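Quick note on our numbering: the sequence shown kicks off at 87 and runs consecutively. Don't be surprised by glycine CBs; every beta carbon is placed ideally from N, CA and C. Owing to the predicted nature of the structure, the values given are computational and were not obtained by experimental measurement. Below is one structure, written out as C-alpha cells; the observations come after it.
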Amino acid sequence: MTSNRYKVLVVDDERLARKELINMLSGYECIESVHEAEDVNSAINMIGKIDPNLIFLDIQMPGDSGFDLLNKIDYKGKVIFATAFDEYALRAFEVNALDYLLKPITHERLKKAIERLESGSAEEPSLEYKLKYDDRLFLTLGTKLVFIKVSSIIAIESEGDYSRINTIEGNSGLVSKSMKEWENRLPLNYFCRIHRSTIINLEYIEKIDNWFNYSYKISLKSIKEPYTISRRYAKILKERFR
Numbered sequence: 087m088t089s090n091r092y093k094v095l096v097v098d099d100e101r102l103a104r105k106e107l108i109n110m111l112s113g114y115e116c117i118e119s120v121h122e123a124e125d126v127n128s129a130i131n132m133i134g135k136i137d138p139n140l141i142f143l144d145i146q147m148p149g150d151s152g153f154d155l156l157n158k159i160d161y162k163g164k165v166i167f168a169t170a171f172d173e174y175a176l177r178a179f180e181v182n183a184l185d186y187l188l189k190p191i192t193h194e195r196l197k198k199a200i201e202r203l204e205s206g207s208a209e210e211p212s213l214e215y216k217l218k219y220d221d222r223l224f225l226t227l228g229t230k231l232v233f234i235k236v237s238s239i240i241a242i243e244s245e246g247d248y249s250r251i252n253t254i255e256g257n258s259g260l261v262s263k264s265m266k267e268w269e270n271r272l273p274l275n276y277f278c279r280i281h282r283s284t285i286i287n288l289e290y291i292e293k294i295d296n297w298f299n300y301s302y303k304i305s306l307k308s309i310k311e312p313y314t315i316s317r318r319y320a321k322i323l324k325e326r327f328r
C-alpha cells in the first residue's frame, strides 16, 4: 500500500456535484486537502496554485471539456474521471486515468477508486466491455491528445512494447497498448489479427493476392505497402468471411 497523501482538485461545472464529491472525499485519510474548480480556466489557475497530485475531472462542461484541460497542461498526477456520460469511458483509456466514475457517484464506487489509488495499481480503469465500431478513443499520439473513431482505424502494428495506430484520416502514432489488449477490446466483426504483430480493419481491405507457401498479400485502403498474411492467420481470415 502506498503512503501517499493527495492534494485533490475537483473539476466540475455543477456546484452541487462538486460539493457532494468533496464531502465524500473528506472521510479518507489519504486525502490531504480538496479544492474545486468550475471550468477549465479556473482549473488551470488552481493547478498553478496548489499543484494537485489527484484530479477528479468531469468531461462535458461549458466551453472547454475535461479532455481539453488535459491537453493544455503538463500534468503527471493521477486522473479519475467523474461524469454522467458513460460514452467516454473507452475513449479515455490512454490518458493516465486511474478510474472512471459514473454519476451519481456512490460511496461504494468511490471507495473502490480510492483503494486502487492507495494500492498504487498501474492497471487501467475497469472498462471490461468491448469497444463499439462507432466509439471514439481519446489517445496520446506522439505529443498530442486526439480523438480517433474506432471505425477510422485501418491497422494496428506492434512496435516493441507499443503499438502503432494508422487511421483513414492519416493519423499515425504510438500508444502504450499491447496487441493482445487491442485484440480483446476491438469489435471482432470488424477487426482481425493477420500476423502476430498486425491487426487490420476488414472494412478497408481492397484486395488479397496469393503470395508464396500458402501466404497472402493484403492491400488496405490508404496504406501504401501491403501486409503479409501467414498461412495460419489466412485460415482465420477465411473463417471470418464465411
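With 16 other Cβ atoms within 10 Å as the buried cut-off, status of residue i
i	result
residue 334	The chain is shown from 87 up to 328; residue 334 falls before or after that span and cannot be answered.
residue 271	buried
residue 264	exposed
residue 170	exposed
residue 215	With a pLDDT of 49 at residue 215, under the threshold of 50, the modelled position of that residue is not reliable, and no figure is offered here.
residue 363	The chain is shown from 87 up to 328; residue 363 falls before or after that span and cannot be answered.
residue 317	exposed
residue 249	buried
residue 190	exposed
residue 113	exposed
residue 212	Low confidence applies to residue 212: its pLDDT is 42, below 50, so where it sits in the model is not reliable, and the reading given next is rough at best. Flag for residue 212 reads exposed.
residue 40	Residue 40 lies beyond the range of the chain shown here (87 to 328); nothing can be said about it.
residue 185	buried
residue 208	Reliability fails at residue 208, whose pLDDT of 42 lies under 50, so the model's placement of it is uncertain and the value that follows must be treated cautiously. By the 10 Å Cβ count, residue 208 comes out exposed.
residue 327	exposed
residue 102	exposed
residue 274	exposed
residue 220	exposed
Candidates the options, of which the one nearest residue i by Cα
i	options	result
residue 123	135, 225, 244	135
residue 246	266, 306, 316	266
residue 306	300, 299, 295	295
residue 324	308, 310, 301, 311	301
residue 310	277, 280, 256	256
residue 115	106, 100, 90, 168	90
residue 237	269, 287, 282, 201	287
residue 148	160, 128, 166	128
residue 281	321, 218, 204	321
residue 223	197, 153, 203	153
residue 126	193, 106, 150	150
residue 157	285, 130, 195, 198	130
residue 329	205, 203, 276, 204	An answer regarding residue 329 cannot be provided, because it is not within the stretch 87 to 328 covered by the chain.
residue 104	168, 117, 279	168
residue 132	312, 117, 94	94
residue 146	278, 99, 117, 204	99
residue 166	290, 314, 107, 217	107
residue 195	218, 289, 110	110
residue 202	312, 183, 218	183
residue 217	268, 204, 198, 193	268
residue 308	290, 204, 192	290
residue 117	192, 204, 314, 278	204
Within 8 Å, strictly: CB atoms of residue i and residue j
i	j	result
residue 140	residue 162	no
residue 188	residue 97	no
residue 258	residue 251	yes
residue 285	residue 241	yes
Inset, instruction - Quick one: which unbroken beta strand (DSSP E) runs of 3-plus residues sit fully inside the region 138–166? Chain order, please. - result: 140–143
Inset, instruction - Please specify which runs of the beta strand (DSSP E), each continuous and at least 3 residues long, are wholly inside the region 253–313, giving them in chain order. - result: 258–261, 277–281, 284–287, 291–296, 302–306
Legend entry - Segment contact, 8 Å Cβ cut-off, at least three pairs: the region 232–249 with the region 114–128: No, the region 232–249 does not touch the region 114–128.
Inset, instruction - Inspect the CB distances between the region 255–264 and the region 285–305 and report whether three or more fall short of 8 Å. - result: no
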